[in-house]
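In my numbering, the protein residues as written are 15 to 280.
Right, here's the structure in full:
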């Protein structure tokens, strides 16, 4: 057998061993955080990739319930981390970015059907604009169990700004929400998933407790709360099978330690 064939055969066995390990090794401990945007029957072409139709959303929630998951909020996670409450046996966090109006008209009633909760991150300068949540809707949502968080004032990547503008986007968006009757805002979502090493300290200084990235994985109390792992749930192309793969992706990235943000590691 030639050296090349031996090398290829060895590579095949190595890949097979990795696949078997991923499939059959125990699932890592941790809390998945799912990233949604819109839940609507139809959207324009630009939003299509981020929209999960209502019936598909129901199927996903049905699957989560069948698997024994219980939804918690970001604030619940931090309360448990600080010993202020006990988490359910199999927690999961549902998050929604941008603050679209269908989060109130479509998503919320479906969540309530299943007795579930979520965290919604809003772009404050879009509140009340066509297609986005109004102040009345936001206040009603929090009464009905939805945690409201900040997605900055204008949804521009924070890594593209100077320090003064970063501070404005983080600080003023929080103040505006709280001035308009939203409970103290502790949760933050990085626009476009863009962050750098300065962001955790900036958010902590401005009263936030958690922030979510776009890096897949599972979260434990050892996860940096300002760099929490999150897996995106896009418009489904392969039905519930794709949703299951997204959940598996979080486990695989944790097992392989791909872009995982533990507090005791850089």
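In this text, a Cβ means the ideal position worked out from N, Cα and C, and glycines have one as well.
Residues near residue i in its chain [Cβ-Cβ closer than 6 Å; skip 5 each side]
i	result
residue 221	none
residue 241	227 and 275
residue 153	195
Where residue i falls: helix, strand or coil (DSSP)
i	result
residue 178	helix
residue 228	coil
residue 304	Any property of residue 304 remains undetermined from this structure, which presents the chain solely from 15 to 280.
residue 63	helix
residue 187	helix
residue 105	strand
residue 198	coil
residue 233	strand
Rounded C-alpha distance that separates residue i from residue j
i	j	result
residue 67	residue 56	7 Å
residue 218	residue 62	34 Å
residue 205	residue 133	15 Å
residue 251	residue 65	11 Å
residue 225	residue 233	12 Å
residue 265	residue 192	36 Å
residue 79	residue 189	36 Å
Sheet register partners of residue i (DSSP bridge)
i	result
residue 134	110 and 162
residue 246	49
residue 203	226
residue 276	237
residue 84	105
Residues of its chain near residue i, where Cβ-Cβ distance is below 7 Å and the 5 sequence neighbours each way are ignored
i	result
residue 118	147, 151 and 155
residue 35	Below a pLDDT of 50, predicted positions are generally treated as unreliable, and residue 35, at 46, falls in that range; the measurement from the model is reported next regardless. So the list is empty, once near-sequence residues are dropped.
Residues of its chain near residue i, where Cβ-Cβ distance is below 8 Å and the 5 sequence neighbours each way are ignored
i	result
residue 124	53, 68, 71, 72 and 75
Pair within 8 Å by beta-carbon distance, residue i and residue j
i	j	result
residue 138	residue 174	no
beta-carbon residue i near the ligand MG non-hydrogen atom, thresh 7 Å
i	result
residue 67	Inclusion of the ligand MG in the displayed structure is not the case, the ligand content being empty and no account of it being possible.
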